[in-house]
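Since the structure comes first, as C-alpha cells, the remarks are kept for the end.
4 protein chains.
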Amino acid sequence: MSEALRVAVIGQGFMGRAHGLGWVRAAAVGDGPLAPELAVLCGRDRGALEANARRYGFAEWSDDWAGVVQRDDVDLVDICTPGASHAEIALGALAAGKHVLCEKPLANTLGEARSLARAAEEAAARGVFACVGFNYRRVPAVAVARRLVAEGRVGDLRHVRAAYLQDWLVDPSFPLTWRLDSGQAGSGALGDLLAHVVDLVRFVSGDEFAEVASVLETFVKERPLASGEAGLSGTKASSGAKGPVTVDDACAALGRLGRGAMVTMEATRMALGRKNGLVLELYGTSGSLRFDLERLNELLVYEAGASREGFSRVLVTNPDDPYLSQWWPPGHVLGWEHTFVHEFEDLMAAIAEHRQPEPSFADGLATQAVLDAVSRSANTRGWEKVDTKGVAK
Amino acid sequence: MSEALRVAVIGQGFMGRAHGLGWVRAAAVGDGPLAPELAVLCGRDRGALEANARRYGFAEWSDDWAGVVQRDDVDLVDICTPGASHAEIALGALAAGKHVLCEKPLANTLGEARSLARAAEEAAARGVFACVGFNYRRVPAVAVARRLVAEGRVGDLRHVRAAYLQDWLVDPSFPLTWRLDSGQAGSGALGDLLAHVVDLVRFVSGDEFAEVASVLETFVKERPLASGEAGLSGTKASSGAKGPVTVDDACAALGRLGRGAMVTMEATRMALGRKNGLVLELYGTSGSLRFDLERLNELLVYEAGASREGFSRVLVTNPDDPYLSQWWPPGHVLGWEHTFVHEFEDLMAAIAEHRQPEPSFADGLATQAVLDAVSRSANTRGWEKVDTKGVAK
Amino acid sequence: MSEALRVAVIGQGFMGRAHGLGWVRAAAVGDGPLAPELAVLCGRDRGALEANARRYGFAEWSDDWAGVVQRDDVDLVDICTPGASHAEIALGALAAGKHVLCEKPLANTLGEARSLARAAEEAAARGVFACVGFNYRRVPAVAVARRLVAEGRVGDLRHVRAAYLQDWLVDPSFPLTWRLDSGQAGSGALGDLLAHVVDLVRFVSGDEFAEVASVLETFVKERPLASGEAGLSGTKASSGAKGPVTVDDACAALGRLGRGAMVTMEATRMALGRKNGLVLELYGTSGSLRFDLERLNELLVYEAGASREGFSRVLVTNPDDPYLSQWWPPGHVLGWEHTFVHEFEDLMAAIAEHRQPEPSFADGLATQAVLDAVSRSANTRGWEKVDTKGVAK
Amino acid sequence: MSEALRVAVIGQGFMGRAHGLGWVRAAAVGDGPLAPELAVLCGRDRGALEANARRYGFAEWSDDWAGVVQRDDVDLVDICTPGASHAEIALGALAAGKHVLCEKPLANTLGEARSLARAAEEAAARGVFACVGFNYRRVPAVAVARRLVAEGRVGDLRHVRAAYLQDWLVDPSFPLTWRLDSGQAGSGALGDLLAHVVDLVRFVSGDEFAEVASVLETFVKERPLASGEAGLSGTKASSGAKGPVTVDDACAALGRLGRGAMVTMEATRMALGRKNGLVLELYGTSGSLRFDLERLNELLVYEAGASREGFSRVLVTNPDDPYLSQWWPPGHVLGWEHTFVHEFEDLMAAIAEHRQPEPSFADGLATQAVLDAVSRSANTRGWEKVDTKGVAK
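Protein chains in written order, with the working numbering: chain Z, 226 to 618; chain G, 226 to 618; chain C, 226 to 618; chain W, 226 to 618.
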C-alpha cells in the first residue's frame, strides 16, 4: 500500500490547471511508493476556486497561501504563481517543513534565487526537499537525448543551437497581461522561454554556461490594458487605454559552455507561425541530435559510422524508453501534459527515497545565473561571465 | 451542478486501461451537463481487478458483467472486451436500459453487427443510446478534415489513399495472443486496423463504400504459444510449443465510394518501422488533405487557388479548433489518450440532449459490412459489393 | 582518347529536349571510353528543328527518321517519340545495326513489346544493343535502395507500397493532347506513370510480379480539343470543341511478387497537390526503405537492430554513392535531369564493354506484361496472372 | 540570331568546374540575346588543363591569366580562383574593358573590396560591368522568398534566423587544404559560408545590417599537411606532418538590420550530419518563410489570415516560377548546378541591356563590410557597427 503525499497547489491559472490535471493523472496511473492526494487548492480568484477544486478533486480550497503552507495535513507545496511570489511562498513552505515544487523560473532575480537555493540546501539537510518545475526534462525524447550525450554517443560537443519560438505577441492588439509586466513576471521571453532553453541545454549537455553575449528587444512598446484575467491566447482587450510593455518580446544570445561548445540561443513571442517551437540541436564529434517540442514524441539522431548516415527520426514511444513503461504500445503518442505526470513521479520517487529531486533549486539558481548574465550583457553590450556565486559545483 | 453519469467499464486490458484513465480525465476537465462517476470496473482477472479499480478511482469492482449491466446504479456500460463478447454484453446492457459504448469493431461477424444495430435502433426509441468507440474520429485534426470536406473545400473526391501500418508482428517469435486467434478476435489486421481505416474514410469523406477488391495474408503461419496475459508489445513466449495463427497479418483493398472516388487501403502488422501509422490522404478537385496518426496534432492541407500552393502543415492546437477550447495554448500538443476524453465528452453531450451519439451502431454495422465485403473478396478473388442490408440510409 | 559514339535523337518534345540536354551534359562531364557526339536531331516540326539542333549542338537535323537510322555515321538511335512509333523505329534501327535507346514504355501493346524483345535478343548476338529509358533507375538514392535490398539488409520483403501521383489533369479544361489519345499514347497513367512504378518495383526488389487485381478510371470523359503542340503544363485549349478522352486518368492495383510480397500500387494525374510524387516504400523483415521523387536526393532507411531505430533521412550525395563521384561535395543536390546523364553513362559503358545494357528490352517486355495484366484485370474484374511468354528468365 | 559572349574562366577547381559545366548548360538551353562561347579556360595545373578545356568545350586554354584578360577575343572574365587573387585579376580585367563575374567572397579584405567596388563603378560608366557570384540568389525558391518580402506579404520583419551548416571538418585528420590557410582563403567558415548567409539575408530582406556581435572559433588548431590538390571531400593526408589551421572552423553572430529585425546567424564546417544546410528563416508581422538549401526546390511559406494557417511546403517548380519557364513540368526538380545557369542568364541579360547586373561589386562590398564587422567584433568582444564607407546607398 502506497503512503499518501498530500499536495497543496498554489495558483489556478495556466500552470495551476496543468498541475491540477497532472496530479489527477499521477494518482490514476501511479504505482510508486507514494500516492498523491489532492489536499488543497489555493488561489486568489475566489469565484473560480471552488469549481476548480471540485473539478480536479481537491478536498479543500483556500485563498490564504500563508495558512496553507503551515497546515499539518500538507506534505508538498506546489507553487504555480507568477515568479514575483515564488520566493516568499517557497521560503515559507520550506521553513514549515514542506517539500516544495516551484514552477520555473525559480525567481525573478538572481538574489532571490540565491536565497532560495541556500534555503533549499538547508532544508535538504533536514529531509525536506525542493525542486524546480522544468517539465521539459521529462519529455521522453529529451531524456533519451541526455542519455545519448552522457553515454558519449555524441562525442565532444561542438555546437548547441537552441530556440524557443512562439507567436502570440505578434498582434499589437494583444493586451497587457501580467506576463508583460516586469513587476510580476520579472522578464518576458527571457524568464518564460529562454529559461527552458537554458535548463535544457544544461540538462542534455551535462555542461554549464561560462559566458554569454546577448540582446533583448521589445518590438511593441505599449499595448491595450487587459480586463480581468488573461491567458496566453484569446484574451481580448477591453478599452482603448494602453500601458507600457515592461518586459522583452524576444532575446537572443551567443554563449560558450565550460567544455568549449559554441551556443546560439534565442527566445521570442514574435515568430509568426511557430506556436511552441522549443528546438534543441546538438552537434558533437561523433553524433548529433535534434528535438522540437511541437513533435515531442520524436528525436532526430545522427550517428557517425552508422551503416547509412542520416538523421533518424526516432519515435520515442517504446515501452523501454524513459517514462514509457506505464503508457501505451509503440506509436501511441504522448502529449504535452504527460511531462507533468512524469515530473510528479520523479519528484515522488525522490521524496520516498529521501534523496534530492532534480532539478534542484541549485539547478534553478544555475539557470537564473545564466539569465542574469544575458540581462547584463544586453545592457553592457559585451560578453558577460555567468556569476556562479552560490551555485553548487 | 452537473448530473452524474454512472459508468461501468467492462474489461481491464489495453482498452480497459485506456478507457479507465480516459474517464478520470473526463471527470477532471469536464464542464458539461453530465459528470462521469466511475461506478464499477468489471474484469476476469480478479488478481488485478481491485488494484486497477482503486487506481482509477472506481467505487466498486466485479467479475460478473451480467450482474453489472443489470445494476440500478449504472447508467452507461462501456465495453472494452475482445470482439467475440461484444454482442452478448451490449445486447444485455441495452435490454437492461443502459446506454452502451462499445469498442470497435462492433462485432466479429456481420450477423452480430446487424443484431446490434437493430437492438440499438429499438433502444434509441426508448431513449437508450449506443455508440461505437472509433476514437480516431475525435482527433482534432481529423475533425477538421471532415469539416473541410463537408464545407466543400476539397471539392469532388477523386482519390482516397489510406493505410494503417504497424510492425509488432514482424518478429516470428512474437507469441500467439488472443489477437491472433480468430475465435476471440474474429480477424487480424482487418478488424483491428482496417476497421479504423474504413470508419475514418466514411467519417471524413461523408460517403459510403460501394464495392471492394481485396487480399488477406498471413505471412507467419504459426507462432509460439503465449503464457498468461499478453499485450501488444514485450510479451515473451514461454515454451517451444507453437500454434496456428488463424487471423490475417495484413490486408489490402481497392475500393469505390458511392460518389465515385477511387480508394486504395491497407492494414498490416508487418510494416517494419511503422509503429502506429494510420495515414489518410484525400485528393479532391479543389483541395487535398493528409493525416498521420503518429503526428496526430497535424493536418496537411492543400488548397487550390491559395496564393502559394503547397501542403500546409497545420498544427491543430488552437483554442478554436474542435475539442481544443478546454486544453492548452497553441502548440501544446495533445496525445493519443485525449481521443478518449473527447469521445466520452461527445457521448455525454448526446446523452444529455437525448440524441443519438455518433458513431452509432448503424455506423458500426456499415463499417462491418465493408470489412465483410473485404473478407468475401479475398475468397472470391473478384470485386464484391458492400451488403447494405440493415444499414441505415 | 575516348572513341566517339554518334547519337541520333528521334523526337524533340519533352523527352527529346531532356535527352538533348542530357547528351550535352554527358559529353561535358564524361570520362568514359566513349565520347558522345550529337550527330543528328530528328523531328517532325521542321519549324523548331533547326533551332533545337543548334541549341543542343547537333551537327545535323532531319525530319526523316527512316533515313537517319540507316546512316553510316550514326552509332546509336535514341527514340523519344510517343509509344505508338517505338516499335517501327526501334526495329528499323536494330535492323540497320544501330544500338537503340528507347524511351519507356517500350511499346503500346504486349505484342509489339514481344517483337522488340525478340529483335533485341537477336541483335545482341550480333553485338548491337538495346536499352529502355527507365531513367529513375539512375537516381542515386534508388540505386542505393536496390543495393540494400540485394545485400539482404531489408530481409524478406513483406510489403511494397508504390504510387506515382501527379495532378495536371485535375482541371477539366486541360486540353486533349496526344497523351490523352489511346491511338498515340496507348494508355494514360498506366503506361506513362505506372510503367515507372512497375519497373522500379522490379528493379529495387529484384523480384517479378506474379499476379494483379486492378482498376482503371477516366474521371473526365471529354476535354477541349488542343491547338498545336501541347506540353504537360500550361497548354491552353483554343476553341469550344471537345473530344473524348480515350485513356485512363488513374489506375490502381493490388499485386503479388514471386517471392510473396504484397504490393499496392497506383498512378494518377488527378492527385491535387502532388506534382511528381513517385513514392516507393518497401517493408522487409529486417529493414524498410522509402523514396519520393520530389526529394530525389534522399532515401529513408530503417534498419532493425540499429542502436536507435527510426527512419534515417539519408542524403545520397556523397562521392562514394552511385554516380556521385563525378559531381559535387556532399549536400550539393542533383536534379531530375541528372538521371539522363547517368542513364547515358551506363549505356555507353555497356556498349564499350560489349555487354547488354540494362534495362534491356526484355526488362521492358516484363514491365509491359505487368501493365497488360493490369489492363486485363480492369476488364475481368478479377486477379490476372502476368503473362511471361517471351520474357527472359 | 544571338550575339556571342566570349567567356574566359579563370580557375579549374571546384568552382571552375561548376562554372565550366554551367556555361555548357547555359549555351544549350539559352534563348537570350547573348550566346555564350567558351573561349578560354585558364588554370595553373597544366596537367589537367587541356583535358578540362576539351571536356567542357573551351576553344583554348592557358596558364597565363594576365594575358587572357587582355585578349581581344574575350568579352567576359569569370574568376573562380581563391579569394586572395580576386582583386588583382578583377582589376586587370576591368581595366582591359572586360565584363567580370567574380566568385564570392568578393575579396579577402575590406580594403580590397572597396577598391573593387570603386573600379566597378568606374567601369560601369564605360559600359563594362562587374558582378559577384552569389549563386544562391538564383535558387528559384529564394527568388520567390525575396518577391514575397518585397510585395509586403511578410510584413515588418521581426526575426531573421540563418545558418550555413556543413560537417566536412569534423574529422581532425582532414588535411590542411588552401581553404584552411588564411593567406589564400582569407577566412574559413566566415568568408566561405557566412558570406552566403549575409548576402541572402540582404537579398531576401531588402534591408542592410547595421551592427553585429560575434564569435569565431577554430576547434581543431592543427591538421595534417595535404599533398597536392584537395577538394572538399575525400582528400587524404599524406604524411605525419601537421600545420596550423589559420582560419575559423565556425562563426556565429547576433545582428540588427536597419529597419529593426533581430538576426541570429552562424556558419560552421563542424555540424555533424549537416552536409550543405544553408537555412534561412524570416518571421514578419504578417508572414514567415523558411528555406533549406538541402531541399532547394522547396519554400516553406506561412501566411497570417490564410484559411488554414500553417507552413506550406511550396514546391517551386512551376513554369511561372522564377527561372522555371525554360525547364520541366512541375515537380521535376532542379539541382544545385542550375543556380549557375540562372546566374549566367541573368548576367547575360544585364550585359545585353547595358545595365548593372546584380549582385554588383557594391553588393559584394556591402557583404564584405558585414563580414569585417563580424571579424572585428570577435576581437573586441562587443557590438560593432558595419562600416559603410564606400558602400553605395
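Positions of the beta carbon are idealized from the N, C-alpha and C atoms, including for glycine. These numbers were taken from a predicted model, which means no experiment stands behind them.
Quick check on residue i: buried or exposed, where buried means 16 or more other Cβ atoms within 10 Å of its Cβ?
{"i": "E228 of chain G", "result": "exposed"}
{"i": "T564 of chain C", "result": "buried"}
{"i": "V599 of chain G", "result": "buried"}
{"i": "H579 of chain G", "result": "exposed"}
{"i": "S602 of chain G", "result": "buried"}
{"i": "R427 of chain G", "result": "buried"}
{"i": "A345 of chain G", "result": "buried"}
{"i": "S550 of chain C", "result": "exposed"}
{"i": "T605 of chain Z", "result": "exposed"}
{"i": "W552 of chain Z", "result": "buried"}
{"i": "R538 of chain G", "result": "buried"}
{"i": "F283 of chain Z", "result": "buried"}
{"i": "S398 of chain W", "result": "exposed"}
{"i": "G245 of chain Z", "result": "buried"}
{"i": "A291 of chain W", "result": "exposed"}
Would you mind giving the Cβ-Cβ distance between residue i and residue j, rounded to the nearest angstrom? I have them listed as a contact below 8 Å.
{"i": "V379 of chain Z", "j": "L373 of chain Z", "result": "6 Å"}
{"i": "E528 of chain W", "j": "G512 of chain W", "result": "5 Å"}
{"i": "Q593 of chain Z", "j": "A253 of chain Z", "result": "About 34 Å; that fails the 8 Å criterion."}
{"i": "L401 of chain G", "j": "V470 of chain G", "result": "7 Å"}
{"i": "A264 of chain W", "j": "E285 of chain W", "result": "7 Å"}
{"i": "W393 of chain C", "j": "R515 of chain C", "result": "Not quite, the Cβ-Cβ distance comes to about 24 Å (not below 8 Å), so this is no contact."}
Out of the options, state which residue places its alpha-carbon closest to the alpha-carbon of residue i.
{"i": "L482 of chain G", "options": "G:Y527, G:N604, G:E609", "result": "G:E609"}
{"i": "N624 of chain C", "options": "W:G498, W:F569, W:V541, W:P365", "result": "For chain C, the structure presents residues 226 to 618; residue 624 of chain C sits outside this window and is missing."}
{"i": "P554 of chain Z", "options": "G:G502, G:A252, G:L524", "result": "G:G502"}
{"i": "L390 of chain Z", "options": "Z:T510, Z:L319, Z:L382, Z:A414", "result": "Z:A414"}
{"i": "L505 of chain Z", "options": "Z:G468, Z:E519, Z:V234, Z:V254", "result": "Z:E519"}
{"i": "L259 of chain W", "options": "W:A591, W:S585, W:G589, W:A574", "result": "W:A574"}
{"i": "G238 of chain W", "options": "W:E262, W:V249, W:V254, W:L266", "result": "W:L266"}
{"i": "L590 of chain C", "options": "C:I576, C:E337, C:L419, C:W561", "result": "C:E337"}
{"i": "A410 of chain W", "options": "W:S439, W:A478, W:W393, W:T306", "result": "W:T306"}
{"i": "L441 of chain G", "options": "C:G317, C:I304, C:H384", "result": "C:H384"}
{"i": "L524 of chain Z", "options": "Z:A309, Z:D288, Z:F569, Z:V429", "result": "Z:V429"}
{"i": "E447 of chain C", "options": "C:A438, C:F434, C:A466, C:D432", "result": "C:A466"}
Those runs of the beta strand (DSSP E) which lie wholly inside the region 526 to 550 of chain G and span at least 3 residues: 536 to 540
Members of the region 518 to 549 of chain W that neighbour chain C once the beta carbon cut-off is set at 9 Å: L518, E519, R520, L521, N522, E523, L540, T542, N543, P544, D545
Ordered list of beta strand (DSSP E) runs contained in the region 296 to 331 of chain C, each at least 3 residues: 301 to 304, 324 to 328
Those runs of the beta strand (DSSP E) which lie wholly inside the region 417 to 445 of chain G and span at least 3 residues: 434 to 442
Interface positions of the region 470 to 493 of chain W facing chain Z (Cβ-Cβ less than 7 Å), listed along the chain: A475, A477, L479, M487, T489, E491, T493
Chain-ordered residues of the region 490 to 514 of chain W with a beta carbon less than 8 Å from chain C: R499, K500, N501, G502
Contact list for the region 548 to 564 of chain W against chain C, Cβ threshold 7 Å: W553, P554, P555, G556, H557, V558, L559, G560, W561, H563
Interface residues of the region 268 to 284 of chain G facing chain Z [CB-CB below 8 Å]: R280, Y281, G282
Length-filtered (3 minimum) beta strand (DSSP E) runs lying within the region 326 to 403 of chain G: 355 to 358, 382 to 390
Against chain G: residues of the region 243 to 256 of chain Z by CB proximity under 9 Å: A243, G245, L246, V249, R250, A252, A253, V254, G255, D256
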